[in-house]
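Take 27 as the starting number for the sequence shown in the numbering used here and just add one per residue.
Note that beta-carbon positions come from the ideal geometry of N, C-alpha and C, so glycine has one too.
Report on one structure; see the data block that follows.
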Amino acid sequence: MGVDALFIVLEAALGLSVTGVNLLVCVTVYLHKEVRTLTNYLITCLALADLSVGVLAVPCSILLSLDLTLCLNSCLLLACWPLITTQFSVFVLLAIAINTHLKIRQPSRYRILVTKKRVTMAISLCCILALIIGFTPVMGWNSLDLPAESLMPNVSLAAERSLLRERISLLGFFPQPFEMARVANLSRAVAGPCSFRHVISLNYMVYFMFFCCTLMPLSTMLGIYADAFRLVHGYVNSQQFRSAKRCDIQTAKTLFLMVGLFCLCWLPLNLANCLAFFCPSCSPSSWLVNLMVALSHLNSLLNPMIYALRKKDFGTVLKAVLLQHLPGASRYRSCLSGSKVSPIFHVTRP
C-alpha cells in the first residue's frame, strides 16, 4: 500500500470516527435535559464544529490529496471548507474560555451576564466570522491571483509580497486582486490539477490564518486561563473559594487541556506552512505534511473524548445513550436501568 493510499485510509477512518463520536455528543445533549447547561451548550457547539470536520474537512482533504483535474474555482471552494471548520473551532474555544473565566471571576453575576440568548448570538457571530475568514481566498486572496508561470515566470517571493502590499482594500477588509492578476484570473474556469497548495496562497495561510486568526485567539485563551488559575490560587484558602462550586475549577482544567491539545495537533501543520513560506527549500515532504493534516483532524476526535473522561456526569450520559442505541446491548441496558443513576440518565425525549 502506497503512502497516498495509507493517508486516504487513515483519513477515512478518522472521518468516520470523528463524525460518530461528535454526533453522539450532540444527540446526548438533545435527549437529556439535565446536561443542558450553558457550558455543555458551548461544548455541543464545539462538537458541531468537530462534526463538520468529519463531514466536510476530511472528505475535502482526501479529494485534495488525489490531485484530481477540476475547475480551479471548484478546487478553491473545496479547499476553503477545512479553513472554515478550523476557524470555527478556534472561535468556539475562545467563547468557552471567556465563559469559564466569567464563571470563576464573577460567580454572583454570571447568570446575569451570560444568558442563553447572548451565548447563541456569540456562537452565531463565531460562525459568520469563520465563514468570512474561510472564504477570503474565494474573494481574492489566493494563489490564483498570481499570473501563471507562462504569463509571468519570474515572480519572486519579494515581488509577491510587494504586490500584496499594493492591493486596494475591498470594503475595508478583503484584499482586492491587483491589476496584473486580472488576465490571469480568467484562467480560473480552466480545469487543472487540484491541490491545496495550488490554490491557497501561503502568505494567506501564514500571515492571516496562522498569525492573526489562530495565534492571537490562542494567546488570548492562554491568558484567560492563566488569570482564572491565578484567581483560584488566590482564593484557595478563602471563604469565597470554599463556597464556590469546585466543579467549575475542574471544568476550567478540562477546557485548558482541550486548548493544549488543539495547539499540539494544529501547530505542526501551521509551522510547516511557515517553513514552506519563509524557506521553500526547507519545506517538509508531502507524506509528512499529510501526517500533520491527519494529526490536525485527530484533534476533533480527542475533544469529546477528553471532556467525557474528565466530566464523569457527562461521560455517564454519553455511555447511557451509546448503550441505548448500540445493537446487541440490551443486556447492558437492563443493568443500567437497575443502577442508582437510572432515574436521571434514562433516555427520554424532551
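*Do you know whose CA, among Phe-117, Thr-45, Phe-236, lies nearest Ile-154's CA?*
With distances taken between Cα atoms, Ile-154 lies closest to Phe-117.
_With 16 other Cβ atoms within 10 Å as the buried cut-off, status of Asp-253_ = Flag for Asp-253 reads exposed.
*Just curious, the beta strand (DSSP E) that Thr-95 is in, first and last residue?*
Start and end: 95-97.
*Counting Cβ pairs closer than 8 Å, one from the region 302-313 and one from the region 142-161, do we hit at least three?*
Segment contact: the region 302-313 against the region 142-161, fewer than three CB-CB distances shorter than 8 Å; contact not assigned.
*asked:* For the pair the region 326-344 and the region 272-288, tell me if three or more CB-CB distances fall below 8 Å.
replied: Contact holds: three or more Cβ-Cβ distances are below 8 Å.
*Inspect the CB distances between the region 163-172 and the region 221-230 and report whether three or more fall short of 8 Å.*
In short, these stretches touch, since the Cβ pair count reaches three.
*Can you find a CB in chain C that lies within less than 9 Å of the CB of Ile-124?*
Of the protein chains in this structure there is only one, and it is not chain C.
_7 Å Cβ shell around Val-53 - same chain, five flanking residues per side excluded_ = Hits under 7 Å: Val-347.
*Hey, out of Gly-80, Cys-220, Thr-342, Arg-256, whose CA is closest to Leu-102's CA?*
Comparing Cα-Cα distances from Leu-102 to each of Gly-80, Cys-220, Thr-342, Arg-256, the minimum goes to Cys-220.
_Meets three-Cβ-pair contact criterion under 8 Å: the region 244-251 and the region 116-136_ = By the C-beta criterion, the region 244-251 is judged to be in contact with the region 116-136, since at least 3 inter-stretch pairs fall below 8 Å.
_Own chain partners of Phe-200 with C-beta closer than 8 Å, once the 5 adjacent residues on each side are dropped_ = The predicted position of Phe-200 is uncertain, since its pLDDT is 44 and thus under 50; a value taken from the coordinates is nonetheless stated next. Closer than 8 Å at Cβ, skipping near neighbours: Thr-162, Met-165, Gly-166, Trp-167.
_Runs of 4 residues minimum, wholly inside the region 55-100: which ones carry the alpha helix (DSSP H) assignment?_
Fully enclosed alpha helix (DSSP H) runs of 4 or longer: 64-78, 84-91.
*Exposed or buried, which one is Gln-113 when buried takes at least 16 other CB atoms within 10 Å?*
Buried is the label assigned to Gln-113, since at least 16 other Cβ atoms lie within 10 Å of its Cβ.
*Is the region 47-65 touching the region 85-103 in the sense that three or more CB pairs, one from each, lie closer than 8 Å?*
The region 85-103 and the region 47-65 do not touch, with fewer than 3 CB-CB distances between them shorter than 8 Å.
*Whose C-alpha, out of Cys-289, Val-258, Ser-43, Val-285, is nearest the C-alpha of Ile-122?*
The candidate whose alpha carbon is nearest that of Ile-122 is Val-285.
*C-alpha distance - Asn-229 paired with Pro-243, whole-angstrom precision*: Taking the Cα positions, Asn-229 is about 19 Å away from Pro-243.
_Quick check: does the Cβ of Leu-74 come within less than 8 Å of any heavy atom belonging to the ligand GDP?_
With respect to small molecules bound, the structure shown includes none, and the ligand GDP cannot be examined in it.
*Would the beta-carbon of Gly-80 fall within 9 Å of that of His-351?*
If you check the CB distance, Gly-80 and His-351 do not come in under 9 Å.
*Measuring CB to CB, does Ala-298 end up less than 9 Å from Ser-309?*
The Cβ-Cβ distance between Ala-298 and Ser-309 falls below 9 Å.
*Buried or exposed by the 16-neighbour rule on C-beta atoms within 10 Å, applied to Cys-238*: Counting other Cβ atoms within 10 Å of its Cβ, Cys-238 stays below 16 and is therefore classed as exposed.
*In chain order, what residues of the same chain lie with their CB nearer than 8 Å to the CB of Ala-31, ignoring the 5 residues before and after it?*
Counting only Cβ-Cβ distances below 8 Å, and skipping sequence neighbours, we find nothing.
*Flag this pair as yes or no: are the beta carbons of Ile-110 and Gly-41 separated by less than 9 Å?*
No. Outside cutoff.
*Given Ile-332 as reference, the closest of Asn-296, Val-29, Phe-288, Leu-96 once Cα atoms are compared*: Closest by alpha carbon: Phe-288.
_So the candidates are Leu-314, Val-343, Phe-255; which of them puts its Cα closest to the Cα of Pro-29?_
Checking the sequence, you will find Val at residue 29 rather than Pro. Comparing Cα-Cα distances from Val-29 to each of Leu-314, Val-343, Phe-255, the minimum goes to Leu-314.
*Best match in Thr-45, Met-231, Leu-50 for proximity to Ile-159 [C-alpha to C-alpha]*: It is Met-231 whose Cα lies nearest to the Cα of Ile-159.
*Whose CA, out of Tyr-67, Thr-246, His-259, Asp-274, lies closest to the CA of Arg-144?*
For Arg-144, the nearest C-alpha among the options comes from Tyr-67.
*Using DSSP with H/G/I as helix, E/B as strand and the rest coil, what is Gly-28?*
Three-state result, Gly-28: coil.
_Using a 10 Å radius around the Cβ and a threshold of 16 neighbouring Cβ atoms, would you call Val-51 buried or exposed?_
Buried is the call here.
*Could you name the residues of the same chain whose beta carbon sits closer than 7 Å to that of Leu-36, not counting the 5 residues immediately before and after it, in chain order?*
When the five nearest sequence neighbours on each side are left out, the beta carbons in the same chain lying within less than 7 Å of the beta carbon of Leu-36 are those of Ala-320, in order along the chain.
*asked:* Checking 9 Å against the spacing of the C-beta atoms, do Val-55 and Asp-76 come in under that value?
replied: No, the Cβ-Cβ distance between Val-55 and Asp-76 is not below 9 Å.
*asked:* Taking the alpha carbon of Cys-97 as the reference point, which residue from Lys-345, Gly-218, Leu-120 has its own alpha carbon closest?
replied: Out of Lys-345, Gly-218, Leu-120, Gly-218 has the C-alpha closest to the C-alpha of Cys-97.
_By the three-class DSSP mapping on this structure, what secondary structure does Gly-218 have?_
Secondary structure of Gly-218 (DSSP, three-state): strand.
*Taking the alpha carbon of Leu-119 as the point to measure from, which residue in Tyr-233, Ile-34, Ala-148 has its own alpha carbon closest?*
The candidate whose alpha carbon is nearest that of Leu-119 is Ala-148.
*Using alpha carbons as the reference points, say which of Ala-73, Gln-132, Asp-274, Ala-83 lies closest to Asn-106.*
Sequence check: residue 106 is Cys here, not Asn. Comparing alpha-carbon positions, the option among Ala-73, Gln-132, Asp-274, Ala-83 lying closest to Cys-106 turns out to be Ala-83.
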